[in-house]
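The structure appears right after this line, and notes come after that.
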Amino acid sequence: MRKIDDQIIDVTDDVKWIGVLDYDIRTFDIVMYTEHGTTYNSYFINAEEKVIIDVAKEKFSETYLAKLRSVTNPEDIRYIILNHTEPDHSGSLSLLLELAPSATIVGSGNAIRYLEDIINIPFKSMVVKDGDTLDLGNKTLRFILAPNLHWPDSIYTFLEEDKILFTCDSFGAHYCSSEMYSDFSEVYTRAFKYYFDVIMKPFSRFMIKAIEKIRPLDIDFICPGHGPIHRENLRKAIDLSEIY
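Structure, rendered in structure tokens:
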């Protein structure tokens, strides 16, 4: 029996995790064995200009959109940031745009081009470059290009006031748990390394470049696209990704 997934997590007072839990998946992208399942992480920023960071896989759109409606009126969403456009992070986008027709999709140039082919509907867009910022009224997003981690479209998004770095596939793991903060237990560490080895290791030189960009930042949370959020262990997540 599928577990009921109604969990929402307050990362900070103004940022909520509204992703979905997939306990049952055992093969991801054909090549990865996912014995611990996975999560499809999405985040809501309750700023003056309301923001969604990444969206969920289409299969879970009903659960995902119910969570979204519980934290905000979708019509009030101003921006949808897509750090990466693979279907596990963009699958619910078309349905979300039906609910948030005024929202602008923000991503790298590659991301916006890919989306034009992926969703095949007109949408408002904003292309961001390395170091660009977006004023949300009372908060600021800064964008960091992180190409080839693991697609050419990848970016990181830094919420300056809350000190949160959203990294999509980087620093993630296929690890599903109702406890959404990393503990680097033996089991989780194995899952973290396996994920890195399969997805990120072929692009390790790009990972090193990305780490060089984020090391100077004052970060309190790393919020990836899959698996637990890094809080107390965020430096360990960065260091291990550099070592691996």
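The numbering of the sequence shown is my numbering, which starts it at 6 and goes up by one. Think of the CB as a built atom: it goes at the ideal place given N, C-alpha and C, for glycine as much as any other residue.
Lysine 214 sits in a helix when the DSSP states are folded into three classes. For phenylalanine 33 and proline 221, the gap between their C-alpha atoms comes out near 33 angstroms. Comparing alpha carbon positions, the residue from Ile14, Tyr193 and Leu150 closest to serine 75 is Ile14. Shown here, tyrosine 249 sits in coil according to DSSP, grouped into three states, outside any helix or strand. Distances from the CA of valine 111 to each of Ser99, Ser190, Thr162 and Asn153 were compared; the closest alpha carbon is that of Thr162.
Counting only runs that start and end inside the stretch 45 to 120, the beta strand (DSSP E) elements of at least 3 residues fall at 48 to 50, 55 to 58, 82 to 86 and 109 to 112. DSSP lists Cys173 as the bridge partner or partners of proline 229.
The beta carbon of serine 113 sits closer than 6 angstroms to those of Asp158 and Ile160, all from its chain and outside the five residues before and after it, given in chain order. For methionine 37, the three-state secondary structure derived from DSSP is strand.
Cα atoms of isoleucine 126 and alanine 105: separation of roughly 14 angstroms, rounded to the nearest angstrom.
Under the three-state reduction of DSSP, phenylalanine 208 is assigned to helix. Residue environment for aspartate 223: exposed (fewer than 16 other C-beta atoms within 10 angstroms of its C-beta). According to the DSSP assignment, lysine 21 belongs to the beta strand (DSSP E) that extends over 20 to 22. When rounded, the separation of the alpha-carbon atoms in methionine 131 and isoleucine 85 is 10 angstroms.
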